[in-house]
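**Student:** Let me begin by handing over the structure; questions about it come next.
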Amino acid sequence: MDLELSITQYLDASLSPAEKSALESRLASDPQARELLEEHRKLNQLLKASPAPELRWDLLAKQISAAVAQVEIPVEAETAPRMRMSWMPMALAASVLIAAGIAIRFIPFGGGTHPQGPIAGASPSSVAEIVGPRAELAQGPSEISVSVGPAGRAPDDSNLSRYSDDVISRPAHVTVASGINPVQDINALPFELQ
Amino acid sequence: MESRASETGTPPAVGPTDGQLVAQVLGGQRDAFDILIRKYQRQAVAVSYRLLGNTHDALEVTQEAFLKAFSSLAMLQKPDAFGGWLMRIVSNLSLNFRRGRKTRSQLPLDDLLATGDSPTGESAGGNSEWMARDDDPVHHLESREMGQKLKEAMAQLPEKQRLALVMFTIEQLPQKQVAEALQCSVEAVKWHVFQGRKKLKELLKDVL
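Those sequence lines, one after another, are chains C and R.
Residue numbering for the first sequence follows my numbering, starting at 152 and increasing by one per position.
Residue numbering for the second sequence follows my numbering, starting at 1328 and increasing by one per position.
Below you can see the structure in the form of structure tokens.
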């Protein structure tokens, strides 16, 4: 820890016992550290030298209480602001959906059909046609499997050698992808009953 | 580190928590807010006094802060953090107060000042006694000069560093409460205090 930070925390009595002991050892042998401590000690004294005003607190409390008595108890307001806050995200989401709906209805799509933008005078319905890729069944294998094992070069690399034991002990076979959409059986259990 | 609020007629540590008191107020028990006033009025006055430099303005801000806290109580997200939330209101009001500084006479200051205990040399204009009070006129003058230099140096600190120093170092509020007031972590409070001290030490190197 930075010496000056240690010293300020020492004055705030917020160092751990070990940190305090280490700092005191350093203070015993380092005159510059002692000088820094002395400067912060003087600053502390200066900061704390001014007394806060002493008032008749009982009287002040009564006066504040009397002023507060003029204000309605905020009971009625308790639910309204919170409800307003909880509805705020929903209102925002609704606004976004409405805006998105309007955008889909009127903003021209269609890639290169009208690269210069919408044609003046065209009806919105004629430029909102969307042509996209069709869903096709995948023809590939249902799974792509990859074997993982220790690389021959790893032990020779000084940066990797310390991980070589981990590499060897890790699973050697991992399924990383599925080529077709699996048929999901919602009645199937995610585990086998013994 | 313990809050100095406990020195001033504050209710003992046992009793309802701030969260329970807030719930009671929201449930219609106005008296529960009086307990919160008695518990935090000294902190509020002290913090505002450090930021504004005179008692009269600090009292105005304190009353306004409690009024604001009361009327906004239903908005308080963490009722147990009432103290930190109130100090945030106090510090915000204090920092804004200078812009629209105006004299109002709702709070009779002379009645409120404890006899013989008020900071000497203070006027509503903003002077304050920063160093130890004694009868030595030379020391008194030096103290006032030193106090003025400190005040000017404090004014040069970034806001969060100044608030952290006022609440944590000078008023010795708990770090958690300061963190709530500044809306930052306890670690950030420590950092603001450290940076503030370092900068103050640099600014005051001629007098330290």
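Even glycine gets a Cβ: it sits at the ideal position worked out from N, Cα and C.
So is R1377(R) in contact with chain C if we call contact Cβ pairs under 9 Å?
**Tutor:** So yes, R1377(R) belongs to the interface.
**Student:** Is I1322(R) buried or exposed, if buried means 16 or more other CB atoms sit within 10 Å of its CB?
**Tutor:** This structure cannot settle anything about residue 1322(R), because the visible part of chain R is limited to 1328 through 1535.
**Student:** Using a Cβ cut-off of 8 Å, pull out every chain C residue sitting near F1360(R), in sequence order please.
**Tutor:** Those are S216, V219, listed as they occur along chain C.
**Student:** List the residues of chain R that P182(C) touches, going by C-beta distances under 7 Å, in chain order.
**Tutor:** The premise fails here: P182(C) is roughly 17 Å from chain R at the closest Cβ pair, so nothing lies under 7 Å.
**Student:** Quick check on T1344(R) - is its C-beta less than 9 Å from some C-beta in chain C?
**Tutor:** Taking Cβ atoms only, chain C never reaches closer than 9 Å to T1344(R), which makes this a no.
**Student:** Assign A1480(R) to buried or exposed, taking buried as 16 or more other Cβ atoms, counted over all protein chains shown, within 10 Å of its Cβ.
**Tutor:** A1480(R) comes out buried.
**Student:** Rounded to a whole number of angstroms, what is the C-alpha to C-alpha distance between R1357(R) and L1348(R)?
**Tutor:** Distance between the alpha carbons of R1357(R) and L1348(R): 10 Å.
**Student:** Step through the CB atoms of chain R and report whether any lies within less than 9 Å of the CB of K171(C).
**Tutor:** Chain R, which has no Cβ nearer than 9 Å to the Cβ of K171(C), makes this no.
**Student:** Let me know if H265(C) comes out buried or exposed under the rule of 16 or more other beta-carbons within 10 Å of its beta-carbon.
**Tutor:** In this prediction, H265(C) has a pLDDT of 44, which is less than 50 and means its spatial position is unreliable; what the coordinates show is noted afterwards. Answer is exposed; the Cβ neighbour count stays below 16.
**Student:** Taking the alpha helix (DSSP H) that G1410(R) belongs to, which residues open and close that run?
**Tutor:** Where G1410(R) is concerned, the enclosing alpha helix (DSSP H) stretches over 1409–1424.
**Student:** Do T1344(R) and V1372(R) count as a contact pair if the criterion is CB distance below 9 Å?
**Tutor:** It is not a contact, given that the beta carbons lie outside the stated cut-off.
**Student:** When you compare the CB of S167(C) with every CB in chain R, is at least one pair closer than 9 Å?
**Tutor:** Answer no: the Cβ-Cβ gap between S167(C) and chain R never drops below 9 Å.
**Student:** Output, in chain order, the set of chain R residues within a Cβ distance shorter than 7 Å of E190(C).
**Tutor:** Simply K1528, L1535.
**Student:** Whose C-beta lies closer than 7 Å to the C-beta of R192(C) among residues of the same chain, with five residues either side of it excluded?
**Tutor:** The answer, listed in chain order, is L162.
**Student:** In this structure, does DSSP put L210(C) in helix, strand or coil?
**Tutor:** Helix, per DSSP.
**Student:** Taking a Cβ distance cut-off of 8 Å, strictly less, list which residues of the stretch 1369–1399 of chain R are near chain C, in chain order.
**Tutor:** Within the stretch 1369–1399 of chain R, the qualifying residues are R1369, V1372, A1373, Y1376, R1377, T1382, A1385, L1386, T1389, Q1390, F1393, L1394, F1397, S1398, S1399.
**Student:** Does DSSP put V1534(R) in a helix, a strand or coil?
**Tutor:** Coil, per DSSP.
**Student:** Looking at the C-beta of L1477(R), does it have a partner C-beta in chain C at a distance below 9 Å?
**Tutor:** With 9 Å as the cut-off, L1477(R) counts as an interface residue toward chain C.
**Student:** Could you check how far apart the C-beta atoms of E1507(R) and G1411(R) are, in whole angstroms? I think they sit under 8 Å.
**Tutor:** The pair is a contact, with the Cβ atoms about 2 Å apart (cut-off 8 Å).
**Student:** Could you check what DSSP says for V1520(R) in three-state terms: helix, strand or coil?
**Tutor:** V1520(R): helix per DSSP, three-state reduction.
**Student:** For the alpha helix (DSSP H) containing T1389(R), name the first residue and the last one.
**Tutor:** 1382–1398 is the extent of the alpha helix (DSSP H) around T1389(R).
**Student:** Tell me whether R1357(R) sits in a helix, a strand or coil according to DSSP, three-state version.
**Tutor:** Coil, per DSSP.
**Student:** How many angstroms separate the CA atom of L188(C) from the CA atom of S1470(R)?
**Tutor:** Using only the alpha carbons, I get a separation of about 22 Å.
**Student:** Chain R partners of E155(C), CB-CB under 8 Å?
**Tutor:** Ordered by position in chain R, the residues that pass the 8 Å Cβ test against E155(C) are F1521, K1525.
**Student:** Compare the Cα-Cα distances from V1505(R) to each of L1394(R), S1418(R), V1534(R) and report the closest residue.
**Tutor:** Checked all of L1394(R), S1418(R), V1534(R); the closest Cα to V1505(R) is S1418(R).
**Student:** Can you confirm whether V1417(R), when its beta carbon is compared against all beta carbons of chain C, has any partner nearer than 9 Å?
**Tutor:** Not one chain C Cβ lies under 9 Å of V1417(R).
**Student:** Put D1346(R) into one of helix, strand or coil per three-state DSSP.
**Tutor:** It is worth fixing the name first, because residue 1346(R) is Gly in this sequence and not Asp. Residue state, collapsed to three classes: helix.
**Student:** Following the continuous alpha helix (DSSP H) through Q1504(R), name the residue where it begins and the one where it ends.
**Tutor:** Segment 1502–1509, the alpha helix (DSSP H) holding Q1504(R).
**Student:** Scan the stretch 191–212 of chain C for residues whose Cβ lies nearer than 8 Å to a Cβ of chain R and list them as they occur along the chain.
**Tutor:** Here the close residues are H191, K193, L194, N195, L197, L198, K199, A200, S201, P202, A203, P204, E205, L206, R207, W208, D209, L210, L211, A212.
**Student:** Measuring only between beta-carbons, confirm whether V1505(R) sits less than 9 Å from chain C.
**Tutor:** No, because no Cβ of chain C sits closer than 9 Å to the Cβ of V1505(R).
**Student:** L197(C) to V247(C), Cα distance in whole Å?
**Tutor:** Roughly 57 Å between the two C-alpha positions.
**Student:** If distances are taken between C-alpha atoms only, which option among D1361(R), G1346(R), Q1368(R) comes closest to E205(C)?
**Tutor:** Nearest C-alpha to E205(C): Q1368(R).
**Student:** Contact criterion: CB-CB distance below 9 Å. Does Q1483(R) meet it with respect to chain C?
**Tutor:** No - not a single Cβ of chain C is within 9 Å of the one on Q1483(R).
**Student:** Can you grab the Cα-Cα spacing for the pair K1526(R) / L1420(R), in whole Å?
**Tutor:** So the alpha carbons of these two residues sit roughly 25 Å apart.
**Student:** What did DSSP end up calling E223(C) once you bin it into helix, strand or coil?
**Tutor:** Note: E223(C) maps to coil in three-state DSSP.
**Student:** Interface residues of chain C around G1474(R) at Cβ under 7 Å?
**Tutor:** Within 7 Å Cβ-Cβ: S201.
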